[in-house]
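Asker:
Chains as they are written, first to last, in the working numbering: chain A, 1 to 254; chain B, 255 to 630.
Below, the structure written as structure tokens:
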């Protein structure tokens, strides 16, 4: 099977070719990504799965323009991020991307609706429209009834749904999620991944999710199994591919 | 627009309290330091600042009011000839030795002989007409109530100045000079005290103008006229500043005050910036998330700066409250303190400056807001 399998003839939303990344730890240089290439197709939920330390989060950070690769090329929505400056990357992220992190990272002093409104302010969106968009996003994640609650008054699952609304309100073309369910119980985790899938389908957003949580696999449109800085397997869950077989075969997905 | 800085301060004020208190204490220290400096060194010019005279004429090169020497009495005619001048009077300065039954040994005092009439110019802002007229009694003197202990007398007591009897007829407040004790008497009493010494001529001649705003112009006009002897003319504000600067420079206090102010500034800055940086670092993950979502570092720096501005403003309000309280305590205990509008303006600027500078330093905390670090 071709590991960098493409979906039909559609233009990829994200494209990486030959990217490498290494870190120095003490006297040792660790090669995290090794000439990795892949295409991520639009309007679907792509899951990058793999054990801790396999390089999946590093790959996500490079594809999302959070950090530079040592070599290779990254094209996102037709823009070459490889040679972009820090401020150009910030501008790209502001315009096109949303993020959901494992740790929610909500400001303790802001209510749920203010958390969602805050990034919209930086987009230069007017007060009224920002409020409307925030309400809409909170409704979509079924958190509007908790709009005036502070993070301390919300459960983990609710916090993550607010974080998703915060990303969603920007109407991003690219949504990156890093271990979005790892800190959640089964029920909340299921709600969150269903939301991410729904966003990909209904908003035509490209959702790229990184996780070692096996519960997510059945919700993804496409799964990339990573190991040692390389993509070892690449399959579509809609196909007649046997997920259980892959669960068994893919190291790190328990 | 959601004001992250303001909301954070309102909701999480205990986290910002150390920074606010640091600004507040630095503000109070600077305020009281400035008030004491103005009060203490202002008292070097108490003769000028509590009088309604607009021009002072004294011995050439006099560096401070208390260093005056007697001048030619003809100066009076020069002043009286000028159409802008509405009143002229002499001031007699005598360095003397005070003795009372309650003091062991003598106390060095300045005897200031003034015009005791109701329209007298010198000390008219601290001695009202009723008190002044008591000085018509030969040998009558007025002292500052805060000096009674040092002089060993009470109102109504008798004492000796250079062996001559004087009678303490009243006390007043605001007469204390820097580095001595002022004894206020009439010109006649002062002349009697110096009888036999060649110091019977006036030390200063003071003049009041019909329009005080013209003081500098009139001063220049007078200086351009034919000489009436050896003298120098200063405007009141000029002479007051000259006296204050002399004391600050001569005693080394100016350098000491600047040194103290620098220490207060530094301590306030370090404590406030460290406290603010701790708050920034504790929110580093949230800032990193905002940066990941596209809020530029410049925007995040503005949030920190806005927080610093709020902290500065709140700290300033607190320090105004505390300083006002301390100022009233100081006044009630005759501690020499003084404030001016200029001083308050500079002080407000400095306190807000400390807060904003601490915000600039605290921005280093944003270095930890690297969104790539959020990805595990």
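Cβ coordinates follow ideal geometry from the N, Cα and C atoms, glycine included.
Just so it is clear, the structure is predicted and the values come from calculations on it, not from any experiment.
#1: Please determine, among 184(A), 197(A) and 150(A), the residue with the shortest C-alpha to C-alpha distance to residue 168(A).
#2: List the residues of chain A that residue 621(B) touches, going by C-beta distances under 8 Å, in chain order.
#3: Examine chain B for any beta-carbon lying closer than 9 Å to the beta-carbon of residue 103(A), and answer yes or no.
#4: Going along chain A, which residues have a C-beta under 7 Å from residue 613(B)?
#5: Distance, Cα to Cα, residue 18(A) vs residue 235(A)?
#6: Would you identify the three-state DSSP class for residue 609(B), choosing helix, strand or coil?
#7: Taking only three categories from DSSP, how would you classify residue 125(A)?
#8: Measuring CA to CA, which of 83(A), 52(A), 159(A) and 45(A) is closest to residue 62(A)?
#9: Assuming residue 15(A) is part of the beta strand (DSSP E), what are its boundary residues?
#10: Given residue 15(A), which residues of its chain have a CB within under 6 Å of its CB, disregarding the five upstream and five downstream residues?
#11: Would you please state the rounded distance, in angstroms, between the beta carbons of residue 116(A) and residue 166(A)? I believe it to be under 8 Å.
#12: Distance, Cα to Cα, residue 441(B) vs residue 419(B)?
#13: Within the segment 416-448 of chain B, note down every full beta strand (DSSP E) run reaching 3 residues or more, in order along the chain.
#14: Can you tell me whether DSSP reads residue 309(B) as helix, strand or coil?
#15: For residue 153(A), count neighbouring C-beta atoms within 10 Å of its own C-beta (all shown protein chains included) and say buried if the count is 16 or more, exposed if not.
#16: Quick check: residue 434(B) and residue 362(B), are their CB atoms within less than 9 Å of each other?
#17: Answer yes or no: does any C-beta atom of chain B fall closer than 9 Å to that of residue 214(A)?
#18: Report yes if the C-beta distance between residue 491(B) and residue 516(B) is below 9 Å; otherwise report no.
#19: Compile a chain-ordered list of the residues in the segment 173-190 of chain A whose CB is closer than 7 Å to at least one CB of chain D.
#20: Is residue 256(B) close to chain A, meaning its C-beta is less than 9 Å from at least one C-beta of that chain?
#21: So if I threshold CB-CB distances at 8 Å, which residues from the segment 524-552 of chain B count as touching chain A?
#22: I'd like the ranges of any alpha helix (DSSP H) spanning at least 4 consecutive residues and lying wholly in the segment 468-535 of chain B.
#23: List in chain order: all unbroken alpha helix (DSSP H) runs of 4+ residues lying wholly within the segment 151-235 of chain A.
#24: Output, in sequence order along the chain, the residues in the segment 112-131 of chain A whose CB is closer than 7 Å to any CB in chain B.
#25: What would DSSP say about residue 539(B), mapped onto helix, strand or coil?
#26: Near residue 372(B), which residues of its chain fall below 8 Å by C-beta distance, leaving aside the five closest residues on each side in sequence?
#27: Mind checking residue 409(B): buried by the 16 CB within 10 Å criterion, or exposed?
#28: Which residues in chain B sit within 9 Å of residue 108(A), going by Cβ to Cβ distance?
#29: Taking only beta carbons into account, state which residues of the segment 60-90 of chain A come closer than 7 Å to chain B, listed in chain order.
#30: Specify, as a first and last residue, the run of the alpha helix (DSSP H) that residue 268(B) falls within.
#31: Please confirm whether residue 252(A) has its beta-carbon closer than 9 Å to some beta-carbon of chain B.
Answerer: Taking the definition as stated:
#1: 197(A)
#2: Within 8 Å Cβ-Cβ: nothing; residue 621(B) doesn't reach chain A, min ~13 Å.
#3: yes
#4: None at all; the shortest Cβ gap to chain A is about 18 Å.
#5: 20 Å
#6: helix
#7: coil
#8: 83(A)
#9: 14-25
#10: 39 and 75
#11: 5 Å
#12: 16 Å
#13: 418-426 and 436-440
#14: strand
#15: exposed
#16: yes
#17: no
#18: no
#19: Reference to chain D is not applicable here, since the protein chains of this structure are A and B.
#20: yes
#21: 537, 539, 540, 542, 543, 544, 545, 546, 547, 548, 549, 550 and 551
#22: 469-477 and 490-504
#23: 156-168 and 186-202
#24: 114, 117, 118, 119, 121, 122 and 127
#25: helix
#26: 383, 386 and 387
#27: exposed
#28: 262, 265, 266, 537 and 540
#29: 60, 61, 66, 67, 87 and 90
#30: 267-296
#31: Because residue 252(A) carries a pLDDT of 42, less than 50, the predicted location of this residue cannot be relied on, and no value is offered for it.
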